[in-house]
Each structure stands twice: as structure tokens, then as C-alpha cells.
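One structure is given here, and the rest of the page talks about it.
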Amino acid sequence: MEGEDRVTALQARLAEAGYIAERSLSASLLLFTEMQRPLLLEGDAGVGKTEIAHVVARVFDCPLIRLQCYEGLDVNSAVYEWNYQHQLLSIKLLEQDKVSAENAEHAIFSKRFLLERPLLAAISQPQSPVLLIDEIDRADEEFEAYLLELLSDFQVSIPELGTITATSKPYVVITSNGTRELSDALRRRCFYHYVDYPEFDKELRIVNARLPEVGLQLSRQVVAFVQDLRKLDLRKKPGVAETLDWAAALLKLGINSLDAEPQLLLDTLVCLLKTREDSIRLEPFEVERLVARAL
Amino acid sequence: MSGAALTSLEDRQLAPFLQTRLVEFVRLARSNNFQVGVAEELDAQIVALKCGLGSSMRLRWGLRALLCSDQDDWQRFDELYDAFWHPSNVKSRYSNAAGGRAKKRPEARSPAESTRQEDIPSSDADSQCADDSHETPGGGGTREGASFTASLAKTDFQALTDPDEMRAVEALVDQLARKMRKRAIRRQHLSKNGKKIHLRKTFRNSLRFGGTPLVLNYKERIKRQPRLVLIVDVSRSMSMYSFFFLRFARALVSVFRDVSVFAYHTQLLPITEALRQTDLIRVRNSLAMMSQGWSGGTRIGESLATFNDKYGQILNSRSIAVIVSDGLDTGDPGYLAMQLARIKPRCRKLVWLNPLLGRSGYEPVSQGMQAALPYLDMFAPAHNLNSLQLLEPELTRL
Chain A
16 MEGEDRVTAL QARLAEAGYI AERSLSASLL LFTEMQRPLL LEGDAGVGKT EIAHVVARVF
76 DCPLIRLQCY EGLDVNSAVY EWNYQHQLLS IKLLEQDKVS AENAEHAIFS KRFLLERPLL
136 AAISQPQSPV LLIDEIDRAD EEFEAYLLEL LSDFQVSIPE LGTITATSKP YVVITSNGTR
196 ELSDALRRRC FYHYVDYPEF DKELRIVNAR LPEVGLQLSR QVVAFVQDLR KLDLRKKPGV
256 AETLDWAAAL LKLGINSLDA EPQLLLDTLV CLLKTREDSI RLEPFEVERL VARAL
Chain B
2 MSGAALTSLE DRQLAPFLQT RLVEFVRLAR SNNFQVGVAE ELDAQIVALK CGLGSSMRLR
62 WGLRALLCSD QDDWQRFDEL YDAFWHPSNV KSRYSNAAGG RAKKRPEARS PAESTRQEDI
122 PSSDADSQCA DDSHETPGGG GTREGASFTA SLAKTDFQAL TDPDEMRAVE ALVDQLARKM
182 RKRAIRRQHL SKNGKKIHLR KTFRNSLRFG GTPLVLNYKE RIKRQPRLVL IVDVSRSMSM
242 YSFFFLRFAR ALVSVFRDVS VFAYHTQLLP ITEALRQTDL IRVRNSLAMM SQGWSGGTRI
302 GESLATFNDK YGQILNSRSI AVIVSDGLDT GDPGYLAMQL ARIKPRCRKL VWLNPLLGRS
362 GYEPVSQGMQ AALPYLDMFA PAHNLNSLQL LEPELTRL
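So the sequences go chain by chain: A and B.
Read in order, the letters of the first sequence correspond to residues 16 to 310 in my numbering.
Read in order, the letters of the second sequence correspond to residues 2 to 399 in my numbering.
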């Protein structure tokens, strides 16, 4: 049962680093680190996808490089860019020194003037970093295709400088929120893990691990309340991040049981309900019902 | 249990037998619409070695991470895994195409026979494939695209393959695609007419003049066609028209780069991928498979709610949402209005095409339609090719 032991060991190390993971997630992560294949994480917002990359970096004690994707992300902001201002200045200086044009070009397009962006940085580290490519679905298809190429060859070609081969193979974590369908090619190249909302026990452990000062009684109530809230027909379901926010808010306000101060409690619900419809939908009597169930 | 049998043996000795089983499993996954191929058959061997065969849970998780590629796969995987590795425990409702262990049932079922069918596009060509499917009583039957209890006439989609009609629609869509107004997105490219200086290019060119930027290069934002989101009603009241719109949708999918198509009846399903297949017969089969069990009244409100909850994120400020329906709804009109109110602010334009509007004397008086009207940017007839052609200037202007 050696395999199982290693999963348990990794699970414990993740917990030590502050991330409560199910065994199946630990198993996926173990495989991901052993085979160094990109890991594609999907799931609703606020279930801790991004946090997984952070904790893997902490557990394996390697740097984390993050690339936040957005519409219009291009090679210049993702891979490399030349430092133009710097280059212009040095051309002027070279002119004064009467350096030949060819030598000047050579000097200017050297690594000194190259600004590394996340992807280039990730493959030129002395030690394998964790590369987090966040919300890949926000970037467009062209970028996705480029990324595929990079992830298979692990080299970047810069016309002025030549090909830069990876000195380190990063652990790539990709997250997606489903604003766009990802290509099958990308999906196939990656391991896949679907991150769901945590069950009661797991969420309770997360709250206790992150905010030990909340105390067992309140954390139990908070988690029960949020778990029930997720079952309602809301536009935006609260994620784990919201649970933690809310618990922290209650702590700040000195509320130590959900039924202590009903009015104040209603005011704190802004931590959980993030749209106008949802806050209208959840009427005070419904809150009372949820509180009663949570106690 | 095979899990226990695995633990008792050494990895290396087991290899040939296990290799075969793993390949069979990957093929079973493929025949159940997992996006896997030969590469995964090889990777599965590595995963099995890494995971160690001693632990069946780890192998399950490892193969799940390897073989799944979206949420739907993720939710189906466990059942598939159990059906294959622990066949005695689970009544399989998965087609056993790879293993060949299941009894073959090569004869096609009559449509009335209520068996589950999995969507195997290649089943026509591949005589190996035998849909071996058992009814699982109760529950579990709600999964989209995979299994429904009742079956429905495939004839709705039959006319999809008529070549002449197809060409006419394709011509129209081509025209539409050319004229569709493009909008700027944030990605930029080199352009003579641009207003911003393209520093990189300018600088590169200035080298010729010893670093003095004599020739300036400009950049501007790339323009792109809007994203089209088509939601087609394929209920019985629409059956005269639905094949026509699906043909239109198929042409759109092949010409536009950014189109998503959904079909709904009592539930809503994404059908873009099904339409994208090049082989028309396969398109028809996939659609027919997906639509099995669709019957009863149209629930526009509920279907749009599904769209909002599960796929709402595909709408952005560049999208045009087109709903094709006759508005004959058995649901609550207030609910329909609520769902439209959710769609409206998330897209650029909301268009409703109603085939009935083409009939003389038709007034949109049905409750559903009345509730919907305030939210629409455009409400137009669309019952045949002509009406769509008339629509073209309107659509391109949006």
C-alpha cells in the first residue's frame, strides 16, 4: 500500500501548509508532480483553485510564477518584451563611442535588454517553479495555441536572439472558469481535476485551519449556514473564500453565536451575497430559518 | 473483486494482462465520448505504474485525472470505472465497445423500445460496437446528452442532410459572415491606419538609421466578429422549423469562429460540438441521440435558466444572443421574463426569432411572448430562407 501512503503523506503536508485537500485531490497532485504534466483545474469561483498552485509551491518549496490571463493577452506581455527606453539610451551612448552598426545591434539585442515575462521566466529558472496560468479561458484561442506549443517544446524563440531552451521544466497549473470552451488539444495535454464546493467536514476543517481564533462553536454554525445557503437558488453561490470572509467579519464584530444579534448578522451577509438579486431574495425570515438550522 | 486480485500480484508479472486491460479501459472510455486516443493508452500504463497497482483508489484517481477532460466526464468517470473494473457490483449502462465482453446486440432497436443508448458516432461504421445498455431503475437518468429513458423520432433531424437546402443556407451564412460588423477587441496588430505607435516595430526599423526613428509604425486593435450564441427551440410545435434552424446553426458553426449553439425542449443542451462534425450522418445521429426522451411541453423559462446557470459565462459584451422559438410555453411567463432579464445585461444584443411571426394574422399574444417582448432588441420572423435573407441587413447592423 505504498501508493496510498504517499497520498496520505502529501495530504498531511498540504494540510501543514494550510490547505485541506481531499484524498482524490492529493492523489491528482501527486501524479501531477511525479509526471510533470500540466494540471487543469475547473470549478466554480471561490472553491480554491488558485490556492492549490500557491500551496503546491509552498509544499515543494519552489518559486511560484503567476500569469493572469485576460482578453487581449499577447506574447509581448506573456513571454518577453524588449526594454525600448533602455535600448534607445544605449544606442545614443554607443553612437558616441563610434561603435559599428552591426556591433551596436548585437549589443542592443542582448539578454541585458530583455524583459522576462512570466512564461519565459518560468522556463529559465535554476529550479523548477510552479507556473500558475490563471483563468486561461479569458485569453483568446491564439494564445491558447501558443501556450500548447510552449508546453510541449519548452522553448521560446525570439527572432533577435534565437531560441531559448528551458533550463527548468515548470509544474504548470492551469485554471479555468468556463467563459469559453477550451480546445480539446489543451484538455488532452493536461491532467484534469474538477474542484467542487467542499463538504461540511472539509469546510469546517478549512475554517478551523485558517481562522483558529473563531472557535469551534461559531465555525460549526458558520459552515452549516453557508452549506445550506448554497442549496438555495442563488445567482452567485458563496465559495470558501466567502465563508472565510464571513467568519472573519463575525469575529471582528465580536459575534460568538449566529443567534446573538440578528440585526448585526443581517448586515454581515454582504460577505456572502454578492449580487443585488441575491440579497433581495434572501429575506430576513429565511435567514432566521437558516440560522435555526445551523445552531 | 478484481481490485483484490490486483494487489496480490507483482507489477511486472502482471504487466501484459494489465496492459491489455488498461488499453481496453481507455477504449471503453473513448467509446463513451471521452476525448482520449492512443496517447492516453500509453499514458495510462505510466500512470498505472506511478500509482502502483497495490492501491486501487489511487489508480482510479490517477486514471480519472488522465482521462477526464471536463466536468461531464468527471461526473461520469466513477460509474464507468466501476462498470469496467468491478463489473459484478454495478449494472453497466455503458456501451462496452472495447472489451467485447458484453453480449453483442447488433440489431437496431425500434424507437419505441425504451433502452438507453450512448452516443457513439462511429457505431455505424464499426461493427465491433455493440450498444449494450441496461436500464438502471430510477435516478441517474437525468444526465444530459448521455441518457434519457424515452426515445423520439429521429426524423426531425432527417432533413438536415438535404444537399440543396444545405447549400442555400451556407450561401446565406457566408454572406452574413462577410457583412457582419466587426468590433474592436483588445488585442492589437500592426496597421497603417492605426493611431498608436508600434514601438517594437518602429524601434526595429530605426536601426537602419542608427537609432533615429525616421519611419514610424502604427498599431490598432484587431476587429472581430461578435460572438454568436444561438438557442434553438426543437420542441414539437417547432418541428416544422427546427431542422431548418439547425441547418442554419450548422452553417454558422462552420463559418463563424465564435459560435455556441444550444438546443432545448424540456431541457437545454449544448450542441455546438455535435454540429461541428464534418460527416452529416454523424451530425444527425448525434443530435438524434441527444434528443432522445424529449417530449411534453416546452419549458423556455427553465431551459433559459439552465443556460444562465451553467453556460451564462459564455456571454460577454461582444455577444449576440439569438433565441429561436415560437414562444408557446407551458411554463410561467414571469419566470421566462426573469431569465431574459438575466441574459439581457450580459450580452450586446438579444434577438428573438419567431417562425410564427411569418404567418399572416399572427400576433404575439401568447403569455410567454408578451412577457418576453420588453427585453428584446429585435423581434423578427424567421420561418424560411427568405425571411432569414430579409433579416440579414438587420443582423449585420447589430
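All C-beta atoms in this analysis are idealised placements derived from N, C-alpha and C, irrespective of residue type, glycine included.
For chain B, find out if any of its Cβ atoms is closer than 8 Å to the Cβ of residue i; answer yes or no.
i                : result
Asp101 (chain A) : A small correction: the amino acid at residue 101 (chain A) is His; Asp does not occupy that position in the sequence shown. Not one chain B Cβ lies under 8 Å of His101 (chain A).
Phe128 (chain A) : no
Thr194 (chain A) : yes
Thr23 (chain A)  : no
Asp149 (chain A) : no
Ser43 (chain A)  : yes
Leu265 (chain A) : no
Arg308 (chain A) : no
Glu164 (chain A) : no
Met16 (chain A)  : With a pLDDT of 48 at Met16 (chain A), under the threshold of 50, the modelled position of this residue cannot be trusted; read the value that follows with caution. So, interface residue.
Lys107 (chain A) : yes
What number of angstroms, rounded off, separates the C-alpha of residue i from the C-alpha of residue j?
i                : j                : result
Ile47 (chain B)  : Ala30 (chain B)  : 17 Å
Lys299 (chain B) : Val233 (chain B) : For clarity, residue 299 (chain B) is Thr in the given sequence; the question names Lys instead. Approximately 12 Å between the Cα atoms of the pair.
Leu281 (chain B) : Glu19 (chain A)  : 48 Å
Tyr34 (chain A)  : Val71 (chain A)  : 9 Å
Thr190 (chain A) : Val171 (chain A) : 22 Å
His208 (chain A) : Asp73 (chain B)  : 12 Å
Lys196 (chain B) : Gln100 (chain A) : 20 Å
Ser32 (chain B)  : Leu284 (chain A) : 47 Å
Asn309 (chain B) : Val62 (chain A)  : 20 Å
Val187 (chain A) : Ala275 (chain A) : 46 Å
Ile344 (chain B) : Val230 (chain B) : 11 Å
Pro382 (chain B) : Gly359 (chain B) : 5 Å
Asn317 (chain B) : Pro346 (chain B) : 9 Å
Gln26 (chain A)  : Arg38 (chain A)  : 7 Å
Glu298 (chain A) : Leu305 (chain A) : 11 Å
Asp175 (chain B) : Gln189 (chain B) : 26 Å
Ser134 (chain B) : Trp86 (chain B)  : For Ser134 (chain B), the pLDDT reaches just 37, beneath the cut-off of 50, and the residue's location in the model is therefore unreliable, leaving the point undetermined.
Val229 (chain A) : Arg291 (chain A) : 28 Å
Ile221 (chain A) : Val325 (chain B) : 46 Å
Is the beta carbon of residue i less than 8 Å from the beta carbon of residue j?
i                : j                : result
Asp293 (chain A) : Arg250 (chain A) : yes
Ser234 (chain A) : Leu247 (chain A) : no
Phe249 (chain B) : Leu389 (chain B) : yes
Asp243 (chain A) : Ala309 (chain A) : yes
Leu288 (chain B) : Val254 (chain B) : no
Leu265 (chain A) : Val237 (chain A) : yes
Cys205 (chain A) : Leu54 (chain A)  : yes
Ala181 (chain A) : Ile138 (chain A) : yes
Leu68 (chain B)  : Phe78 (chain B)  : yes
Leu45 (chain A)  : Arg21 (chain A)  : yes
Gly313 (chain B) : Ala372 (chain B) : no
Glu86 (chain A)  : Asp149 (chain A) : no
Cys320 (chain A) : Ser143 (chain A) : Because chain A is modelled from 16 through 310, residue 320 (chain A) falls outside the range shown and cannot be assessed.
Val323 (chain B) : Leu357 (chain B) : no
Ala161 (chain A) : Val90 (chain A)  : Position check: residue 161 (chain A) holds Tyr in this sequence, whereas Ala was assumed. It is a contact, given that the beta carbons lie within the stated cut-off.
Identify the residues that DSSP records as bridge partners of residue i: which are they?
i                : result
Tyr186 (chain A) : A:Val145
Trp75 (chain B)  : According to DSSP, which records beta bridges pairwise, Trp75 (chain B) is partnered with nothing at all.
Arg81 (chain A)  : A:Leu147
Lys246 (chain A) : Bridge partners of Lys246 (chain A): none, in fact.
Phe263 (chain B) : B:Ile232, B:Pro271
Asn355 (chain B) : B:Pro382
Lys97 (chain A)  : The sequence given here places Trp at residue 97 (chain A); Lys does not occur at that position. DSSP output for Trp97 (chain A) lists A:Leu129 as bridge partner(s).
Val323 (chain B) : B:Leu231, B:Val352
Ile173 (chain A) : A:Gly177
Gln189 (chain B) : B:Arg222
Phe206 (chain A) : A:Leu54
For residue i and chain A, any beta-carbon pair shorter than 8 Å?
i                : result
Ile1 (chain B)   : Outside the shown range of chain B (2 to 399) lies residue 1 (chain B), about which nothing can therefore be said.
Phe308 (chain B) : no
Trp415 (chain B) : Coverage of chain B is limited to positions 2 through 399, which leaves residue 415 (chain B) absent and any answer about it impossible.
Ala381 (chain B) : no
Lys51 (chain B)  : yes
Gly212 (chain B) : yes
- [ ] With 9 Å as the limit, tell me which residues of the segment 23-47 of chain B have their beta carbon closer than that to any beta carbon of chain A; keep them in chain order.
- [x] Gln36, Val37, Gly38, Ala40, Glu41, Asp44, Ile47
Task: Interface positions of the segment 69-93 of chain B facing chain A (Cβ-Cβ less than 9 Å), listed along the chain - done: Cys69, Ser70, Asp71, Gln72, Asp74, Trp75, Gln76
Task: Where the segment 234-256 of chain B meets chain A: residues whose CB sits under 8 Å from a CB there - done: none
TODO: Name, going along the chain, the residues of the segment 186-216 of chain A whose beta-carbon falls closer than 7 Å to a beta-carbon of chain B.
DONE: Asn192, Gly193, Thr194, Arg195, Asp199, Arg202, Arg203, Phe206, Tyr207, His208, Tyr209
- [ ] Give, in chain order, every residue of the segment 234-268 of chain A whose Cβ lies closer than 7 Å to some Cβ of chain B.
- [x] none
Task: Residues of the segment 54-80 of chain A with Cβ closer than 9 Å to any Cβ of chain B, in chain order - done: Leu54, Leu55, Glu57, Gly58
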